[in-house]
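A.B. asks: Pasting a structure below so you can have a look.
Structure, rendered in structure tokens:
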């Protein structure tokens, strides 16, 4: 567990400079930022955030190297929203056009819904933060929070789009049925994904995750960062 910004303040110290995320107060409209306007985003300093690989989940999992060692993160406030841009290098664009996901949760469907892409895996990204954003002594567990400290997850999949999720510990992640504005583009060997979050206050911890479809990443098999703290 890591101290949140509020916890650091209570302890009479500050988060390490390497864990701080600067947020730009952008004069640009939120729609312009969400659209991925390179001219606007290039004027915002990127934070180079290191990524880790999760250990194998099953004995049958193939070994996975650290093909994506880091992600560049930019944050901007505009129009009462927090816009988060995640940019990373990727040698493959793992995406597809899929039929819309049925509105009923999988566990309540009478029959499984077939898909032509059941043996394919797709690039994806997520931003996670504590569901209780008022601050506390410690940040939630990086393993999807816990019962006392749940987390909110803004998840984007290159094939399935945006899904707002929540979790209270490993294995509890569920879809809320809600979505959010997001824009993902692949260009010159890399992804740039802009996610629109609520205007989270300074001191909010954020963690990031990347899935690489060509490495068969899915569910808990992914790249992840440690907590970073919004300035």
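Numbering (my numbering), first residue to last: -4 to 226. Backbone N, C-alpha and C fix where the C-beta goes; we use that ideal spot for every residue, glycine too. On a predicted model such as this, the values are computed, not experimentally measured, just so you know.
1. Can you tell which of 161, 224, 134 and 220 has the C-alpha that lies nearest to the C-alpha of residue 44?
2. Using DSSP with H/G/I as helix, E/B as strand and the rest coil, what is residue 120?
3. Would DSSP call residue 36 helix, strand or coil?
4. Cutting at 7 angstroms between CB atoms, please list the residues of its own chain near residue 81, excluding the five before and the five after it.
5. Examine chain C for any beta-carbon lying closer than 9 angstroms to the beta-carbon of residue 183, and answer yes or no.
6. Helix, strand or coil: which one does DSSP assign to residue 56?
7. Where residue 33 and residue 182 are concerned, what is the direct C-alpha to C-alpha distance, given to the nearest angstrom?
8. For my contact list, residue 78 and residue 226 are in at a C-beta cut-off of 8 angstroms; report their separation, rounded to the angstrom.
9. I'd like the list of long-range same chain contacts for residue 73, defined as Cβ closer than 7 angstroms, with 5 residues on each side in sequence excluded.
10. For the putative contact between residue 230 and residue 118, defined by C-beta atoms under 8 angstroms, what is the C-beta separation to the nearest angstrom?
11. Determine the direct distance from the alpha carbon of residue 58 to that of residue 122, and round the result to whole angstroms.
12. Once you ignore the five residues that flank residue 139 on each side, which residues in its own chain have a CB closer than 7 angstroms to its CB?
13. By Cβ distance, which residues of its chain are closer than 7 angstroms to residue 176, with the 5 residues on each side in sequence left out?
14. Threshold first: 3 residues or longer. Then list the beta strand (DSSP E) segments lying entirely within the region 154 to 219, N to C.
15. Sort out for me which residues DSSP pairs residue 43 with in a bridge.
16. Would you kindly check if the distance between the Cβ of residue 86 and the Cβ of residue 218 is under 9 angstroms?
C.D. replies: Walking through what the data contain:
1. 220
2. strand
3. helix
4. 66, 68, 120, 188 and 203
5. Although the question refers to chain C, the structure presented lacks it and comprises just one protein chain.
6. coil
7. 12 angstroms
8. The Cβ separation is near 15 angstroms, so there is no contact.
9. 21, 23, 24, 25 and 28
10. One cannot answer for residue 230 here, as it falls past the ends of the chain, which runs -4 to 226.
11. 25 angstroms
12. 146, 162, 164, 165, 167 and 168
13. 29 and 191
14. 156 to 162, 177 to 181, 185 to 193 and 200 to 206
15. 67
16. no
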